[in-house]
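With positions in the sequence shown counted from 1, the corresponding number in the numbering used here is that position plus 63. Beta carbons are placed, not taken as given, at the ideal position from N, Cα and C, and that holds for glycine. Contents: one structure, followed by commentary.
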Amino acid sequence: MLIPGAITFVSALLLQAAGIPQSAEPIRFLPDDAQVACRAILPQCFRREDWARLCRDQLDIREAHPVACELAEES
Numbered sequence: 064m065l066i067p068g069a070i071t072f073v074s075a076l077l078l079q080a081a082g083i084p085q086s087a088e089p090i091r092f093l094p095d096d097a098q099v100a101c102r103a104i105l106p107q108c109f110r111r112e113d114w115a116r117l118c119r120d121q122l123d124i125r126e127a128h129p130v131a132c133e134l135a136e137e138s
């Protein structure tokens, strides 16, 4: 018999161990016609094609944002 809340705890623990945030927001990129970007190195600060190029050129970005890199390179 499981203790109440044990399933939630175990699933949260597994997500954390996998490096997946519990409240993961969808990954967004700037629109293709965007003229301005923010200064952070985050997917939402880049157009999809620029993020894909960054992932190809910089291994540390790919390691830090593997899901965003895959999404950017799919299209």
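Review point. Between LEU122, ARG116 and ASP123, which lies nearest to GLU136 when the distance is taken from Cα to Cα?
Key: Within the sequence shown, the letter at position 73 stands for residue 136. The shortest C-alpha separation from GLU136 is found at ARG116.
Review point. What residues match up with ARG110 in a beta bridge as DSSP calls it?
Key: Mapped onto the sequence shown, residue 110 falls at position 47. By DSSP's assignment, ARG110 forms a beta bridge with LEU93.
**Study point:** Three-way DSSP call (helix, strand, coil) for GLU88 in this model
**Key:** Against the sequence shown, residue 88 aligns to sequence position 25. If DSSP states are grouped into helix, strand and coil, GLU88 belongs with coil.
Point to revise | GLU112 versus GLN98: straight-line alpha-carbon distance, rounded | key: As a first step, residue 112 is located in the sequence shown; it is residue number 49 there, counting from the start. As a first step, residue 98 is located in the sequence shown; it is residue number 35 there, counting from the start. Looking at the two C-alpha atoms, the distance is approximately 14 Å.
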